[in-house]
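Novice:
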Amino acid sequence: MDWIRFGHPHFLYLLWGTPVFILLYIYAFRKKRRAYQRFSSHHFFQRLTRSVHFGRQKAKVILMCLSYTFLVLALSRPQIGTSLELVKRSGLDIMIGLDISASMMAEDIKPNRLLKAKHAISSLIDRLEGDRVGLIAFAGDSFVQCPLTIDYAAAKLLLDALSVDTISQSGTEISQAIEIAASSFNQEEDKYKILLFFTDGEDHGKKAVEAARTAANQGIRIYCVGVGLPNQGTPIPLRQSNGELRGYKHDRNGTPIVTKLEDALLREIAQLTNGNYYQATPGEAEISRLVAELAAIEKREIEERQVTQYEDRFQYFLAFALLFLVWEFLLPESRSNKPTAIREEI
817 MDWIRFGHPH FLYLLWGTPV FILLYIYAFR KKRRAYQRFS SHHFFQRLTR SVHFGRQKAK
877 VILMCLSYTF LVLALSRPQI GTSLELVKRS GLDIMIGLDI SASMMAEDIK PNRLLKAKHA
937 ISSLIDRLEG DRVGLIAFAG DSFVQCPLTI DYAAAKLLLD ALSVDTISQS GTEISQAIEI
997 AASSFNQEED KYKILLFFTD GEDHGKKAVE AARTAANQGI RIYCVGVGLP NQGTPIPLRQ
1057 SNGELRGYKH DRNGTPIVTK LEDALLREIA QLTNGNYYQA TPGEAEISRL VAELAAIEKR
1117 EIEERQVTQY EDRFQYFLAF ALLFLVWEFL LPESRSNKPT AIREEI
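The sequence shown begins at 817 in the working numbering and counts up one residue at a time.
(1) Can at least three beta-carbon pairs, one atom from the stretch 958–968 and one from the stretch 1125–1137, be found at a separation below 8 Å?
(2) Please classify Ile842 as buried or exposed, where buried requires at least 16 neighbouring CB atoms within 10 angstroms.
(3) Considering only residues of the stretch 884–956, which uninterrupted beta strand (DSSP E) runs meet the minimum length of 3 residues and lie entirely inside it, listed in chain order?
(4) Going by alpha carbons, who is nearest to Tyr1094 out of Phe845, Leu840 and Ala933?
(5) Identify the continuous beta strand (DSSP E) that holds Lys972 and give its terminal residues.
(6) Give me the Cβ distance between Ile1085 and Ile1010, rounded to the nearest whole Å; I'm assuming they're in contact under 8 Å.
(7) With a floor of 3 residues, list each beta strand (DSSP E) that falls wholly inside the stretch 1021–1084, ordered by position along the chain.
(8) Quick one: residues in its chain with C-beta nearer than 8 Å to the C-beta of Glu1102, no 5 flanking neighbours on either side, listed in chain order?
(9) Could you say which of Ile1036, Val949, Glu989 and Pro1098 lies nearest to Asp1019 if we only look at CA atoms?
(10) Does the distance from the C-beta atom of Ala918 to that of Ile1052 stay below 8 Å?
(11) Beta strand (DSSP E) containing Tyr1008: first to last residue?
(12) Provide the residue(s) that pair with Ser958 in DSSP beta bridges, ordered along the chain.
(13) Taking a contact to mean a Cβ-Cβ separation below 8 Å, would you say Pro1046 touches Leu1077 in this structure?
(14) Using CA atoms only, rank isn't needed, just tell me which of Tyr829, Leu1138, Leu887 and Ala1080 is closest to Thr1015.
(15) What's the C-alpha gap between Phe959 and Val980?
(16) Tell me, please, which residues DSSP counts as bridged to Asp1128.
(17) Measure the Cβ-Cβ separation of Ser986 and Ala955 and say whether it is below 8 Å.
(18) Span of the beta strand (DSSP E) holding Ile820?
(19) Beta-carbon within less than 8 Å of Phe822's beta-carbon, same chain only, minus the 5 sequence neighbours each way: which residues are those?
(20) Using only alpha-carbon positions, find the residue among Leu1146, Phe1136 and Pro1148 that is nearest to Leu887.
(21) Identify every residue that forms a DSSP beta bridge with Glu1117.
(22) Are Ala1024 and Thr1089 close, meaning C-beta to C-beta below 8 Å?
(23) Please report the Cβ distance between Arg929 and Val1043, rounded to the nearest whole angstrom; I am assuming they are in contact, meaning their Cβ atoms lie under 8 Å.
Printed below as a string of structure tokens:
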């Protein structure tokens, strides 16, 4: 039924109580009548119950059941009728590139670079308003994990699913991630396009700067968040599935591999595209600054549509429930009693 819906439909299960109450009343009424008949003669029973109005007793039960039914319907928040509302939404198209290479498992920033980046991205998504957001995972290869969407919950769910094992090809190739992001944007527009990188900047390719220049010509701004510490190398731990440390990553010669944040490349990429560079901090102050900067950018109207809004009508059902309840309270069960007449019969 398109003309009616319920805001809390789970309360409708309480309507099963109505037939239960009716059956209980029928059972109790019959049992009481049999008890009267068992302890008195039929003639005396008719005289004794002459003042009792069984029809009114039934009417009171019906009124109670109606009151209960309408009260349940009111709790279910019925919504009847519609209104048309014009909705205008403006925002940016934001692709987020997450580095999931092995170096992101380094623990120079706690708990490790990857978990820190994922938490920061989740916080960023929670603060977006009206922007479309997408997700790209990259290491030695790149792919779109989540296309541009306004379903932030789905984007965060897909973000949580990423790990360093998602891409088998080792290394970090930022240029490919830039190219995939560029193809995900609307090619007919030359602005409103944002690419955010969360990475340690250890790019093993040589094309990242050139790819950034091409992106700038397409109207794409690149913002980089460096994850890690820039001035000291740290080893890459290898952990078992239960989190227990089993050693550190080595190169072919058996030398422990150390990694550090390469922020020079990230700063250059951001500068070339009129973006900005931020370094990840424990308190995620960089996310607040990034959100404020994005909010200041001119936004386009992404969508304009008419939305059907259902109007709450629980008040009417509640009014009927109270009406039947008051009616039941005021309705007498019996006719006017005359005790003297009963004594005379006795």
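Backbone N, C-alpha and C define an ideal beta-carbon position, used for all residues, glycine too. Predicted, not measured: the structure shown is a model, and the values here were computed from it.
Specialist: Per the coordinate set shown:
(1) By the C-beta criterion, the stretch 958–968 is judged not to be in contact with the stretch 1125–1137, since fewer than 3 inter-stretch pairs fall below 8 Å.
(2) exposed
(3) 894–907, 909–915 and 948–954
(4) Ala933
(5) No beta strand (DSSP E) holds Lys972; the alpha helix (DSSP H) holding it covers Tyr968 to Asp976.
(6) Going by Cβ atoms, the distance from Ile1085 to Ile1010 rounds to 13 Å, so no, they are not a contact pair.
(7) 1036–1042, 1053–1055 and 1061–1064
(8) Ala936, Val1041, Tyr1094, Gln1095 and Ala1096
(9) Glu989
(10) In this structure, the beta-carbon distance from Ala918 to Ile1052 falls below 8 Å.
(11) Where Tyr1008 is concerned, there is no enclosing beta strand (DSSP E), given that its DSSP letter is neither H nor E.
(12) Phe954
(13) yes
(14) Minimum Cα distance to Thr1015 is reached at Ala1080.
(15) 14 Å
(16) Per DSSP, Gln895.
(17) yes
(18) Ile820 to Phe822
(19) Leu828, Ser892, Arg893, Pro894 and Gln895
(20) Phe1136
(21) Answer by DSSP bridge pairing, in chain order: Ser906.
(22) no
(23) Correct: roughly 5 Å between the Cβ atoms.
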